[in-house]
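>
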Amino acid sequence: MRSPIATIRTDSAINRINVCVGQKIIALPHDNRQVRLFDMSGVRLARLPRSSRQGHRRMVCCSAWSEDHPVCNLFTCGFDRQAIGWNINIPALLQEK
């Protein structure tokens, strides 16, 4: 029988997982209005937004990486009728780990 390589436990439901293949980062949009970033081994790297004034006001339903966009490299959308572009400094995230 096969067993999982990594398990990520969260305090809120995960809606649609999205993987940045080039940088090996997973974006998990949650019901609690946050997006959490993990590496492929399950180590938490960051949480979006960092303050409650920014970001989504309702559940985040999906996310998408854009590895070739110069300003925004992660896009999220939610039930608040917003699509938000984020500038994620991936090298800094990986150094903090």
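Heads up, the sequence shown is in my numbering, so the first residue is 235 and it goes up one at a time.
By construction, the Cβ of each residue, glycine as well, lies at the ideal position given by its N, Cα and C atoms.
The model shown is predicted, which means the values in this text are computed figures rather than measured ones.
Let me check one thing: in DSSP terms, what residues is A261 bridge-paired to?
Note: A261 sits in a beta bridge opposite N252, L271.
> Can you tell which of A298, R284, R287, V255 has the C-alpha that lies nearest to the C-alpha of L262?
Comparing Cα positions, the closest option is A298.
> Please go through the same chain and pick out, in chain order, the residues whose beta-carbon is closer than 7 Å to the beta-carbon of G289, but skip the five residues on each side of it.
Answer for G289: R267, L282, P283, I318, listed in chain order.
> What do you reckon, are the CB atoms on C295 and N323 nearer than 8 Å?
Not a contact, by the Cβ cut-off of 8 Å.
> From R278 to S246, what does the alpha carbon distance come to, in whole angstroms?
Answer to the nearest angstrom: the Cα atoms are 15 Å apart.
> For the beta strand (DSSP E) containing S297, list its first residue and its last residue.
Element bounds for S297: 294–299.
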